[in-house]
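Here this note's numbering is used: the first residue of the sequence shown is 141, the next is one more, and so on.
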Amino acid sequence: MLDIPDPKQDHGHCPLCGSRLNPLHLALPVGGPYFHCDRCDLISTGKEGHLSPSEEQTRYLEHDNSPDNVGYVSMFEDFLEKAVLPFSCGGRALEFGCGPGPVLAGLLEKHGFITDLYDPYFFPDESRLNPSYDLVTSTEVFEHLSQPAEVLTRLCRMIREDGILAVMTHLHPGRDAFTSWWYHRDPTHITFYSAATLNWICSQWPLDLLYSDDFKMATFRKTDSRADDRTLPV
Ligand SMILES: [Zn+2]
């Protein structure tokens, strides 16, 4: 599909900040259409680019996410070393969106975290989504979110004050380089953040950005529990 959206059309609103979206005019053979938000720098796929839940689940099961996949495990060890352990040293953790083979949860347990699992497809126990976590990790999840604002608010409510949210999702390289970027070629990837988006998130949610490698890792600290019910977006 060669997608050239009509700039005069109403392309809807940013799923993160609610601003009007602008179409990205990309000559891509598959995927899209894609939209950019001038306010928070998010790039997102229009609803027509979303897979159905069953198509999504099938795609996730095709990934080799087992503890025997050495590359997969070392990716999480790197994430732990850089984005988690310098900021959080044990306590109660939630692996949010852990997928079918919760490798990171096993590593967290080895480092002394009591770890709960939640995944809407594979570990759908909503009782895990209770407020009290010292650490919430979410790796290779945020790019799948159709409603990132709602999820951020929900995650913020689950983290105790001074607790940590550690995220892995590849940051987009900007509008001009987006066409040649590889990350959007997976049809389950629909929402893309930048370094500017991370800062915008901190301006709206009670989060401080403690660390980012400006590539795919970001660590936030929750700053103020009193904001939970009054001022969180959505
Ligand atoms: Zn936005």
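Idealized CB from N, CA, C, for every residue including glycine.
Asked	Found
Endpoints, alpha helix (DSSP H) assigned at Ala336	335-344
Same chain, Cβ closer than 8 Å to Phe216, neighbours up to 5 away in sequence not counted	Val243, Leu244, Leu247, Thr279
8 Å contact criterion, which Asp375 and Lys222 should meet: CB distance rounded	Because residue 375 is not part of the residues shown, which for the chain are 141 to 374, the question remains open.
For ligand 1, residues whose Cβ lies under 6 Å from any non-hydrogen atom	Cys154, Leu156, Cys157, Ser159, Cys177, Arg179, Cys180, Leu182
Pairwise C-alpha distance: Arg160 and Lys187	15 Å
Cβ separation of Ala358 and Leu156, assumed to be a contact under 8 Å, to the nearest whole Å	Not confirmed; about 14 Å, so no contact.
Straight-line Cα distance separating Leu305 from Leu225	12 Å
The beta strand (DSSP E) enclosing Phe425, as first and last residue numbers	This structure leaves residue 425 out entirely; the chain is present only between 141 and 374.
Close beta carbons around Ile144, own chain, < 7 Å, minus the five adjacent residues each side	Annotation note: pLDDT 46 at Ile144 (below 50); position unreliable, coordinate value reported separately. Correct list, in chain order: His165.
Exposure label - Val276; buried when at least 16 CB within 10 Å	buried
Exposure label - Asp208; buried when at least 16 CB within 10 Å	exposed
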